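Chains as they are written, first to last, in the working numbering: chain R, 307 to 506; chain H, 12 to 188.
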Amino acid sequence: MVLETDGEIKLNRDISTDTIQRAIQRDESAFRQIVEAFQTPVYNMCYRMLMNEGEAEDAAQETFWKTWTNLVKYDINRPFGTWILSIAAHHCIDLKRKKQVFQVEIDETMEEIIPDSIPGPKQEMAANEREREIQLYLQSLSDIDRAMIVMRYWDELSDKEIAAAMSLSESAVKSRLFRARRQLADVISRQKAAELEKTL
Amino acid sequence: MNEHQYYEKLIFSEEALTDAEQIALEQHLESCASCSALREGWERGAALLCCPVPKQPVAGFVDRWDSFFEQKMIEEREKNARRFFFGAIVLLTVACAFSIALLASPKNLMMLVSVFSTLMSSLTGIGIQVRTLASIIRTPLLIVGVGAVSLSLTIAFAGLLFMKKSVGIRQGVQKNE
């Protein structure tokens, strides 16, 4: 199940095995419970990967469909949350490859993505600003690195779990996460420097 | 590993630094602008990622899933039906092509005839056995058959008589009324 605490939603590794077993035996109501429990982490992963709410919704629905059709292949000893996030991440990576959406240089898109002002109340503005900043910086990462950052910071998966989800070795995950953090820091520092130059 | 790589490792470490590492890093940052910029960048990045709020789907996701699921199931059934239909067509085409290829060449035809004759000879053996059996049970079968036909004719005649009688009675009653 997914626990909701103070607006944060974390993956609980102890989802009822009975529910999963029933879903494996093609029980649609059991699978509906799974959809209900995992809708936010799956949608969040799709949204962070695709950067578009409509596409994220479609991708999340497709992810659940893929999960339903592949339930027979699910290894019951593996955490279900990790497995479903792995399907979501790979589905989004495939979608991006198919659409041939190439990563655009962050410097070129910077001004398009961040408008000068945001309408709305101050609190909402701050939340929106933060959200947009996160999306902007995430966009600078490769698809796999982005998926790993989402798993680490949103879903709080360990190196081992990320490795299992992304079919990589633990050492590869460690080095990729290090590279992703460095990339983020680099983009942020360049962005700050550019803003400073503008103000001078 | 060069000097910067060591300090970068410390900057992006997920584990707490020892006092010695912390002091060494601070000393390095005072004199290194690039590492200092990275550290500042990561401080902002870590602040953004420390408690990220997950993006929620628009309310009613599960209801939309129900419709999506239903639609997908229909598509799946249609796909299976199409597969079956095209499979049958392919099978038929292959069978036709095979027959044509077989009949077009005399050699293949002879082969087919020899296979057919082998099959027929074995079938003839079975036929002879069936004929012998039939000759034994022919007389009792004839008696039973003639009896069954006579019985059914008698029943049909009796039924007709009964119907005629009941219709006559009904007509008499109607006349009296």
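Every residue, glycine too, gets a C-beta built ideally from N, C-alpha and C. Please read all numbers here as calculations on a predicted model, not as lab measurements.
Would a C-beta distance cut-off of 9 Å place residue i and residue j closer than the cut-off?
i        : j        : result
H:Gly52  : R:Leu442 : no
R:Lys498 : H:Arg50  : no
R:Met431 : R:Leu391 : no
R:Val378 : R:Ile340 : no
R:Glu486 : R:Ile455 : With the sequence shown as reference, residue 486 of chain R is identified as Ala, and Glu is not the correct amino acid for it. Their beta carbons are under 9 Å apart, which means R:Ala486 touches R:Ile455 by this criterion.
R:Met355 : R:Ala433 : no
R:Trp460 : H:Pro63  : yes
H:Cys61  : H:Ile22  : no
R:Trp374 : R:Phe337 : yes
R:Thr325 : R:Ile382 : no
R:Ala343 : R:Ala395 : no
R:Ala368 : R:Tyr349 : Checking the sequence, you will find Glu at residue 368 of chain R rather than Ala. Not in contact: R:Glu368 and R:Tyr349 (Cβ atoms no closer than 9 Å).
R:Ile468 : R:Leu447 : no
R:Gln345 : H:Phe72  : yes
H:Leu36  : R:Glu439 : no
R:Arg488 : H:Glu87  : no
R:Phe386 : H:Trp76  : no
H:Ala27  : R:Ser495 : no
Determine the direct distance from the alpha carbon of residue j to that of residue i, and round the result to whole angstroms.
i        : j        : result
R:Glu417 : R:Val493 : A caution first: R:Glu417 carries a pLDDT of 45, below 50, which makes its placement in the model unreliable, though a value can still be read off. Cα-Cα distance, rounded: 14 Å.
R:Val308 : R:Arg332 : At R:Val308 the pLDDT is 45, less than 50, meaning the model places this residue with poor confidence; the figure from the coordinates comes in the next sentence. The alpha-carbon atoms of R:Val308 and R:Arg332 are separated by roughly 22 Å.
H:Leu171 : H:Gly156 : 23 Å
R:Lys504 : H:Ala44  : 20 Å
R:Asp465 : R:Glu476 : 6 Å
R:Ser402 : R:Ser473 : Per the sequence presented here, residue 402 of chain R reads as Lys, with Ser not at that position. Approximately 19 Å between the Cα atoms of the pair.
R:Ala366 : H:Glu14  : 44 Å
R:Gln445 : R:Ile399 : 13 Å
R:Ile393 : R:Leu502 : 41 Å
H:Glu32  : H:Glu41  : 14 Å
H:Met122 : H:Thr104 : 22 Å
H:Phe109 : H:Leu130 : 20 Å
R:Pro421 : H:Ala92  : Since pLDDT at R:Pro421 reaches only 45, below the 50 mark, its modelled position is unreliable, and the value read off the structure follows with that caveat. Whole-angstrom Cα-Cα distance: 52 Å.
H:Leu102 : H:Ile111 : 14 Å
R:Lys435 : H:Pro65  : The question names Lys, but residue 435 of chain R is Glu in the sequence shown. So the alpha carbons of these two residues sit roughly 15 Å apart.
R:Glu361 : H:Ala115 : 57 Å
R:Gln429 : R:Asp451 : 30 Å
H:Pro117 : H:Ser128 : 16 Å
R:Asn358 : H:Ile85  : 28 Å
H:Leu162 : H:Leu152 : 15 Å
For a contact defined as C-beta to C-beta under 7 Å, what are the partners of residue i on chain H?
i        : result
R:Gln345 : Pro68, Phe72 and Val73
R:Val341 : Val73 and Trp76
R:Phe386 : Those do not exist, as R:Phe386 stays about 17 Å from chain H at its closest Cβ, beyond 7 Å.
R:Ile330 : Going along chain H, no residue has its Cβ under 7 Å from R:Ile330, so there is no contact; the nearest lies around 16 Å.
R:Glu430 : Within 7 Å Cβ-Cβ: nothing; R:Glu430 doesn't reach chain H, min ~13 Å.
R:Glu439 : Leu59
9 Å is my cut-off, CB to CB: does residue i come that close to chain R?
i        : result
H:Cys61  : yes
H:Glu19  : yes
H:Ile22  : yes
H:Val64  : yes
H:Gly136 : no
Could you list which residues in chain A have their beta carbon closer than 8 Å to that of residue i, in chain order?
i       : result
H:Leu49 : Reference to chain A is not applicable here, since the protein chains of this structure are R and H.
How would you list, in chain order, the residues of chain R whose beta-carbon sits under 7 Å from the beta-carbon of residue i?
i       : result
H:Arg55 : Ile494
Under 8 Å from any heavy atom of the ligand MN, does the C-beta of residue i make it?
i        : result
R:Leu356 : The ligand MN is absent from the structure shown, which contains no ligands of any kind.
Got a sec: is the Cβ-Cβ distance from residue i to anything in chain H below 9 Å?
i        : result
R:Trp389 : no
R:Asn434 : no
R:Gln367 : yes
R:Tyr349 : yes
R:Ile326 : no
R:Tyr353 : yes
R:Ile455 : yes
R:Lys466 : no
R:Ile393 : no
R:Glu334 : yes
R:Lys402 : no
R:Arg338 : yes
R:Glu411 : Because R:Glu411 carries a pLDDT of 48, less than 50, the predicted location of this residue cannot be relied on, and the following value inherits that uncertainty. Judged by the 9 Å Cβ criterion, R:Glu411 is not in contact with chain H.
R:Ala499 : yes
R:Ser322 : no
R:Glu359 : yes
R:Glu459 : The sequence as given places Tyr at residue 459 of chain R; Glu does not occur at that position. Yes, R:Tyr459 lies at the interface with chain H (some Cβ there is under 9 Å from its Cβ).
R:Tyr380 : no
Quick one: list the residues of chain H neighbouring residue i, beta-carbon separation under 8 Å, in chain order.
i        : result
R:Val484 : Here the sequence assigns Phe to residue 484 of chain R, which means Val is not the residue at that position. Residues of chain H passing the Cβ test: Lys20 and Phe23.
Using a C-beta to C-beta distance shorter than 9 Å, which residues of chain R count as neighbours of residue i?
i        : result
H:Phe231 : Because chain H is modelled from 12 through 188, residue 231 of chain H falls outside the range shown and cannot be assessed.
Below 8 Å on C-beta distance, what does residue i contact in chain R?
i        : result
H:Phe127 : What H:Phe127 touches in chain R: nothing, since even the nearest Cβ is about 46 Å away.
Using a C-beta to C-beta distance shorter than 9 Å, which residues of chain H count as neighbours of residue i?
i        : result
R:Glu363 : Pro68, Val69, Phe72 and Arg75
Check: Of all the residues that make up the region 83–100 of chain H, which are near chain R by a beta-carbon distance shorter than 7 Å?
Finding: Lys83
Item checked: Against chain R: residues of the region 157–182 of chain H by CB proximity under 8 Å -> none
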